[in-house]
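See below for the structure under consideration.
Chains as they are written, first to last, in our numbering: chain A, 6 to 271; chain B, 3 to 54.
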C-alpha cells in the first residue's frame with residue numbers, strides 16, 4: 006500500500022490476475038474497505054476485458070497447464086505444512102496414552118487411531134477431489150478462451166458485425182463488457198470484467214430483441230473477474246440492447262434479477 | 003498490442019495469455035519485480051489510450 010491508497014501498478018496487475026503473495030492479500034483487504042480504490046479497480050478491469058476482443062487469437066501454451074498444476078501443488082503443500090503442529094500434538098498424545106497397560110484403554114486408542122487414519126484418508130481424498138475440480142475448471146476456462154478468441158476473430162472479419170459497449174447501471178457493481186454481434190450469422194461474443202457475483206448468484210447475458218422476450222446468451226464464467234461468452238442465436242434477430250443481470254446460480258430462462266450492465270445496440 | 007514496446011508487450015502477454023504472476027514474469031524475464039510492475043502499468047496505460 007502507498008499511504009492511504011493502493012499502489013497504481015497493483016490495479017492493473019490485479020485485474021490481470023498477476024498480483025500474488027502478500028501484496029495480493031493486502032490489496033484485496035484494502036479494496037474491500039476503500040470505495041475509491043474499488044472504483045479504480047473496476048476501471049482497470051475494462052481494458053483487460055477488452056484485451057480479449059482486441060488481441061490476436063491465441064491458444065494457451067502447452068506449459069500453461071503445467072504451470073497451473075505447479076501452483077496448485079505449492080498451495081497444497083502450504084496447506085499441509087500448516088496442519089503439522091496439530092498432527093504432532095495428536096501423535097504425542099497417542100504415544101503417552103499407548104503406554105497405559107489396561108487392555109480396554111489400548112483398544113479404545115486403537116479404535117481412535119483407526120478413526121484418525123480413516124479421517125486423514127477422507128481429508129486427503131477430499132483434497133484430491135478439490136484439486137481435480139479446480140483443474141477441470143481451469144481446463145474448461147482455457148477451452149472457453151480459445152473458442153472465444155476464434156469466434157471473435159471470425160466476427161471481426163464479417164461484414165455487418167456490430168460492437169456494443171455495456172456500461173454499469175447506477176448503484177450496480179462497477180464493471181464493463183463489450184459485445185460483438187452479427188445478426189446475419191446469429192453469432193455473439195462478449196468479453197467483460199465484473200467483480201465476483203453475490204453468493205449463490207450468477208451473471209447472465211441477455212439479448213433484448215426489438216420485439217419479444219429477452220434471449221439468454223449464457224451465464225458468465227465465475228472463475229476470474231474477466232468474463233467471456235460465446236453464443237449463437239437464431240439468424241436475423243435484431244437486437245435492441247444487450248444486458249447483464251444477476252440471476253440465481255446457473256441462470257434463468259428469463260431475466261428476474263436487477264440489470265448490472267446495459268448497452269443499447271445501434 | 004503489436005504497437006507496444008517489446009518488453010511491455012512481453013510482460014503483458016506473459017500475464018494475460020500464460021497466466022503468470024508478477025513474480026513468475028520477473029523470474030522468466032530476469033527483470034526486477036519493480037520493473038515488471040512498471041512495464042505492465044505502462045502497457046495498460048498505452049492500451050487504455052488506444053482503446054479510447
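Backbone N, C-alpha and C define an ideal beta-carbon position, used for all residues, glycine too.
Nearest CB-CB separation between residue 10 (chain B) and chain A: not below the 9 Å threshold. A distance below 7 Å between beta-carbons, with the five flanking residues on each side excluded, links residue 246 (chain A) to the following residues of its chain, in chain order: 213, 267, 268, 269 and 270. For the pair residue 224 (chain A) and residue 256 (chain A), the CB atoms are nearer than the 9 Å cut-off.
When the five nearest sequence neighbours on each side are left out, no beta carbon in the same chain lies closer than 6 Å to the beta carbon of residue 164 (chain A). Think of a sphere of 8 Å around the beta carbon of residue 23 (chain A): the chain B residues whose beta carbon falls inside it are 17, 22, 23, 24, 27 and 42, in chain order.
Look at residue 49 (chain A): its C-beta is under 9 Å from a C-beta on chain B. According to DSSP, residue 249 (chain A) shares a beta bridge with A:210 and A:266.
Under DSSP, residue 187 (chain A) takes part in a beta bridge, and its partners are A:192. Less than 9 Å divides the Cβ of residue 236 (chain A) from the Cβ of residue 193 (chain A).
A residue is called buried when at least 16 other Cβ atoms come within 10 angstroms of its Cβ; residue 24 (chain B) meets this threshold and is buried. Counting along the chain, the unbroken beta strand (DSSP E) around residue 173 (chain A) starts and ends at 167-173. Sixteen is the threshold: since fewer than 16 other Cβ atoms of the shown chains lie within 10 Å of the Cβ of residue 129 (chain A), the residue is exposed. Within 10 angstroms of the beta-carbon of residue 137 (chain A) lie fewer than 16 other beta-carbons, which makes it exposed. Collapsing the DSSP output to three states places residue 46 (chain B) in a helix.
Taking all protein chains shown into account, residue 41 (chain B) has 16 or more neighbouring C-beta atoms within 10 Å of its C-beta and is therefore buried.
Ranked by how close their Cα comes to the Cα of residue 249 (chain A), the residues A:241, A:263 and A:240 have A:263 in first place.
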